[in-house]
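Protein chains in written order, with this note's numbering: chain P, 1 to 301; chain V, 1001 to 1231. Note that beta-carbon positions come from the ideal geometry of N, C-alpha and C, so glycine has one too. Nothing here was measured: the structure is a model prediction, and the numbers come from that model.
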Amino acid sequence: MTTPNDDSGFPISHDTSRDRVVPPTGFTAGLTTFTSAAMAFLVVFALALALAANRLSDRWSAALAGGATLRISAPAEQMGSQLAQAIKVLKTTPGIAEARVITPDEQQALLEPWFGPDLPVDALPIPRLIDIREDSRGYDAQGLRLRLAAEVPGAVLDDHSRWQGPLVKAAQRVWALGLFAIVLMAATSAAMITLATRAAMAANAQVVAVLRLIGARDSYIAAAFVRRFTLRALFGAAIGTGVGALAVYLLPSKNDQAMILSGLGFQQLQWLWLLTLPPIIAVVAFFATRQATRRELRRLR
Amino acid sequence: MLKEHGLIDLENVAYTYSGGELLSEMTLSIASGAFYFLTGPSGSGKTTFLKMCYGALVPTTGTITIFGQDPRKMTRDDIALTRRRIGVVHQDCQFLDHLNVVDNIALPLAAAGQDTLADGANLKELLNWVGLGHRADALPPELSGGERQRAALARAVIMSPDIILADEPTGNVDWEMSQRLLQLLVELNRMGKTVVIASHDLSLIRAAKTEVQARVLRIYNKRVQLAGANL
């Protein structure tokens, strides 16, 4: 009797003989490669969106936290005195580290995207702004409002809290949605590859029957299918990731006018995340295929 | 006194298929080194009997033991390992059509993790033995019926099994080729292998009886019986 030895073992081994028992072509081969490529492509975008949202959330949090704006609307002849009084109040308010009047040039720059470079800021009754930076202790916004109401009648304090929270929350939700989308895509990939594997096993019923007849163990048969499908998934995912990365790279930059799309992408080391996608999809395919083949084989004797 | 066991033993075996009983009260022992013909009309249960002998089917009632093991209690791996001791040749012999003849024949070795044993000399010898030395690189769909049967026989014996089960091996070939196949099976029997051939071709059985001392089993009325000498 022939004694069995190493006919089982880890399905993704260097043993290519078992790989050859599965016919190399067929619609399931194309389906697996296409599914993996499509999913990897979509994951690239979901990841780019999630990372962009995360950056946005961090940026808004950092930019808006610890800052406030004092807006002074006053007749032109009182503007100077009210600005000076406001600065005086702010400098004597505990918790405020810095208060700086935004210059007309800076205000012009802020308004330029909406009104163009020729806006005569000096000639228009535009409120003046004071940028406030608080120190680590923070200031009493309510108390400051009361003082300003008494001493600088044209001043309105905006501590950003009205819109900072919802914006950061929205960005965080987009980040979470992006991650959820990635998980969904991984699950969809697994489901599609499982279906492809089961279809492949049905299409290759004769191969499976022959292998069982000649004494091949389930582990050998499963390994043949698992290896084939995992490699196909890896190949497809590599293509999808590459195309997705190129598409993200070619998106308009921040300097372009497409404001909605600017910032969607990867920065520096974040590009390395993409290198992990094909192996991750291959691992998903590995477990999905292994589960599917074992289940299918159990139905045969 | 200990009962003497054969390679495959059936005791009061019955097999029910789609509600009807196909085989009934079969008690039989396949002795080591013997040559058997299993005959009976089409649909009498010859293929079912052979499938039970290599564990592809289990009896509805009764007990079958293959090399002393009850297939009902065997794991799937056990069944796979047992099949390496049984060479099976079907009438519609199945191959992996994308592999050439030599790779198909060597497949049992690959599945057993013994590819290294499949060296060129041994395989060439085996191919020449079945008369397919010149067809080693052909794909199965390119083979004639007789060539396919001989390739199937080569694949069945490459693991040096203890027993060869052939299900209508001459069903799709002409008389000359069936005689050639029979000769190969007789040679295997002379090497000590047990051979069981299911066939409804009585002329083949008569021809074989001049070559080998064959026992003829007949499935009749769901039961197996030793056929008389008047075949």
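Alpha carbon of ASP256 (chain P) to alpha carbon of ARG290 (chain P), nearest angstrom: If you number the first sequence from 1, residue 256 (chain P) lands on position 256. If you number the first sequence from 1, residue 290 (chain P) lands on position 290. Low per-residue confidence applies at ASP256 (chain P): pLDDT is 49, beneath 50, and the placement is therefore not dependable enough to give any value.
Along the chain, where does the beta strand (DSSP E) containing ALA1031 (chain V) start, and where does it finish? Here the question's residue 1031 (chain V) lines up with position 31 in the second sequence. Careful: ALA1031 (chain V) lies outside any beta strand (DSSP E) and carries neither H nor E.
So, at 6 Å on beta carbons, what are the nonlocal neighbours of GLY154 (chain P) in its own chain, with the 5 sequence-adjacent residues on each side left out? Taking the first sequence and counting its residues from 1, one reaches residue 154 (chain P) at position 154. Taken in chain order, the residues that qualify are ILE72, SER73, ALA74, GLN82.
Nearest-angstrom Cα separation, counted from ALA233 (chain P) out to LEU1010 (chain V): Residue numbering aside, residue 1010 (chain V) sits at position 10 when the second sequence is read from its first letter. Residue numbering aside, residue 233 (chain P) sits at position 233 when the first sequence is read from its first letter. If you take the alpha carbons of LEU1010 (chain V) and ALA233 (chain P), they lie about 48 Å apart.
Same chain, Cβ closer than 6 Å to VAL1089 (chain V), neighbours up to 5 away in sequence not counted: On the second sequence, position 89 is the one that residue 1089 (chain V) refers to. Closer than 6 Å at the Cβ level, and outside the excluded window around VAL1089 (chain V), lie ALA1152, LEU1153, ALA1156, ALA1166, PRO1169.
Are the C-beta of PHE1095 (chain V) and some C-beta of chain P separated by less than 8 Å? Here residue 1095 (chain V) refers to the residue found at position 95 when the second sequence is read from its first residue. Nearest CB-CB separation between PHE1095 (chain V) and chain P: below the 8 Å threshold.
Using the C-alpha atoms, what's the distance from ALA1111 (chain V) back to GLU1142 (chain V)? By 1-based counting over the second sequence, the position of residue 1142 (chain V) is 142. By 1-based counting over the second sequence, the position of residue 1111 (chain V) is 111. Computed Cα separation, rounded: 24 Å.
Interfacial residues, the region 21 to 54 of chain P to chain V, with Cβ spacing under 8 Å: VAL21, PRO23, PRO24
Taking Cβ to Cβ, would you say VAL43 (chain P) is nearer than 8 Å to VAL207 (chain P)? Translated into positions along the first sequence, residue 43 (chain P) becomes position 43. Translated into positions along the first sequence, residue 207 (chain P) becomes position 207. In this structure, VAL207 (chain P) does not lie closer than 8 Å to VAL43 (chain P) by Cβ.
Whole angstroms is fine: what's the gap from GLN1179 (chain V)'s alpha carbon to LEU1204 (chain V)'s? To locate residue 1179 (chain V), count along the second sequence from 1; it is residue 179. To locate residue 1204 (chain V), count along the second sequence from 1; it is residue 204. Roughly 8 Å between the two C-alpha positions.
Kindly indicate if chain V contains any beta-carbon less than 8 Å away from that of ALA168 (chain P). Translated into the one-based positions of the first sequence, residue 168 (chain P) becomes position 168. Position check: residue 168 (chain P) holds Val in this sequence, whereas Ala was assumed. Taking Cβ atoms only, chain V never reaches closer than 8 Å to VAL168 (chain P), which makes this a no.
Check the Cβ of ARG1076 (chain V) against every Cβ in chain P and list those closer than 7 Å, keeping chain order. For the purposes of this step, residue 1076 (chain V) is taken as residue 76 along the second sequence, with counting starting at 1. Within 7 Å Cβ-Cβ: ASP218.
Ignoring anything shorter than 3 residues, give me the beta strand (DSSP E) runs that lie fully in the region 1062 to 1106 of chain V, in order along the chain. 1086 to 1089
Of all the CB atoms in chain P, is at least one closer than 8 Å to the CB of VAL1186 (chain V)? Position 186 of the second sequence, counted from the first residue, corresponds to residue 1186 (chain V). Taking Cβ atoms only, chain P never reaches closer than 8 Å to VAL1186 (chain V), which makes this a no.
Backbone CA spacing between GLN1069 (chain V) and PRO278 (chain P) [nearest angstrom]: Translated into the one-based positions of the second sequence, residue 1069 (chain V) becomes position 69. Translated into the one-based positions of the first sequence, residue 278 (chain P) becomes position 278. Using only the alpha carbons, I get a separation of about 46 Å.
Using 8 Å as the threshold, is the region 1070 to 1090 of chain V in touch with the region 222 to 231 of chain P, meaning 3 or more CB pairs across them? no
State the Cα-Cα distance for the pair ASP1077 (chain V) and ILE1105 (chain V), rounded to the nearest angstrom. Counting from one through the second sequence, the residue named residue 1077 (chain V) turns up at place 77. Counting from one through the second sequence, the residue named residue 1105 (chain V) turns up at place 105. Taking the straight line from one Cα to the other gives about 22 Å.
In this structure, how does DSSP classify TYR220 (chain P) when only helix, strand and coil are distinguished? Here the question's residue 220 (chain P) lines up with position 220 in the first sequence. The answer is helix: DSSP assigns TYR220 (chain P) an H, G or I state.
Determine the chain P residues that contact HIS1005 (chain V) at a beta-carbon separation under 8 Å, and present them in chain order. Counting from 1 along the second sequence, the entry for residue 1005 (chain V) is found at position 5. The premise fails here: HIS1005 (chain V) is roughly 16 Å from chain P at the closest Cβ pair, so nothing lies under 8 Å.
Please tell me whether ALA1207 (chain V) has its Cβ less than 8 Å away from any Cβ of chain P. For the purposes of this step, residue 1207 (chain V) is identified with residue 207 of the second sequence, where counting begins at 1. Against chain P, the CB of ALA1207 (chain V) has no partner CB under 8 Å away; the residue lies outside that interface.
From the DSSP secondary-structure annotation, give me the bridge partner or partners of GLY67 (chain P). Position 67 of the first sequence holds residue 67 (chain P). According to DSSP, which records beta bridges pairwise, GLY67 (chain P) is partnered with P:ARG133.
I need the DSSP call for LEU83 (chain P), collapsed to helix, strand or coil. Numbered from 1 along the first sequence, position 83 holds the residue referred to as residue 83 (chain P). DSSP places LEU83 (chain P) in helix when its eight states are reduced to three.
Mind checking which residues open and close the beta strand (DSSP E) that includes ASN1012 (chain V)? Your numbering for residue 1012 (chain V) matches position 12 in the second sequence. First-last of the beta strand (DSSP E) with ASN1012 (chain V): 1008 to 1017.
Between the alpha carbons of MET1026 (chain V) and LEU1132 (chain V), how many angstroms are there, rounded? The count along the second sequence starts at 1 and reaches residue 1026 (chain V) at position 26. The count along the second sequence starts at 1 and reaches residue 1132 (chain V) at position 132. Annotation: MET1026 (chain V) to LEU1132 (chain V) spans about 38 Å, alpha carbon to alpha carbon.
Please decide whether ALA1080 (chain V) counts as near chain P, where near means a Cβ-Cβ distance under 8 Å. Here the question's residue 1080 (chain V) lines up with position 80 in the second sequence. Interface with chain P (8 Å Cβ-Cβ cutoff): ALA1080 (chain V) is included.
Against chain V, with Cβ distances strictly below 8 Å, would VAL208 (chain P) count as a contact? Position 208 of the first sequence, counted from the start, is the residue given in the question as residue 208 (chain P). Taking Cβ atoms only, chain V never reaches closer than 8 Å to VAL208 (chain P), which makes this a no.
Exposed unless 16 or more other CB atoms sit within 10 angstroms - verdict on VAL1102 (chain V): In the second sequence, counting from the first residue as 1, residue 1102 (chain V) sits at position 102. Around the Cβ of VAL1102 (chain V), a 10 Å sphere holds 16 or more other Cβ atoms; the residue is buried.
Compare the C-beta of GLY244 (chain P) against all C-beta atoms of chain V and say whether one is closer than 8 Å. For the purposes of this step, residue 244 (chain P) is identified with residue 244 of the first sequence, where counting begins at 1. Chain V, which has no Cβ nearer than 8 Å to the Cβ of GLY244 (chain P), makes this no.
Quick one: does LEU213 (chain P) have its CB under 8 Å from some CB of chain V? By 1-based counting over the first sequence, the position of residue 213 (chain P) is 213. Yes, its Cβ sits closer than 8 Å to a Cβ of chain V.
Bounding residues of the beta strand (DSSP E) (the contiguous stretch that carries THR1194 (chain V)): Here residue 1194 (chain V) is taken as the residue at index 194 of the second sequence, counted from 1. Element bounds for THR1194 (chain V): 1194 to 1198.
Cα-Cα, which of P:LEU297, P:ASP218, P:GLY178, P:LEU129 is closest to GLN108 (chain P)? Counted from its first residue, the first sequence places residue 108 (chain P) at position 108. Per the Cα distances, P:LEU129.
Tell me whether ASP140 (chain P) sits in a helix, a strand or coil according to DSSP, three-state version. For the purposes of this step, residue 140 (chain P) is taken as residue 140 along the first sequence, with counting starting at 1. Per DSSP, reduced to three states, the secondary structure at ASP140 (chain P) is coil, with no helix or strand assignment.
Can you name the residues of chain P whose CB is closer than 9 Å to the CB of VAL1088 (chain V)? Along the second sequence, one-based indexing puts residue 1088 (chain V) at 88. The contacting residues are LEU213, ILE214.
Going by CA-CA distance only, name the one from V:GLN1225, V:LEU1099, V:MET1191, V:GLY1019 that's closest to ARG20 (chain P). Here residue 20 (chain P) is taken as the residue at index 20 of the first sequence, counted from 1. If we check each option's Cα against that of ARG20 (chain P), V:LEU1099 comes out closest.
Using a Cβ cut-off of 7 Å, pull out every chain P residue sitting near LEU1050 (chain V), in sequence order please. For the purposes of this step, residue 1050 (chain V) is identified with residue 50 of the second sequence, where counting begins at 1. By Cβ distance, chain P contributes nothing, its closest Cβ being about 12 Å from LEU1050 (chain V), past 7 Å.
Which partner residues does GLN1225 (chain V) have in the DSSP bridge list? As a first step, residue 1225 (chain V) is located in the second sequence; it is residue number 225 there, counting from the start. Paired residues: V:ARG1218.
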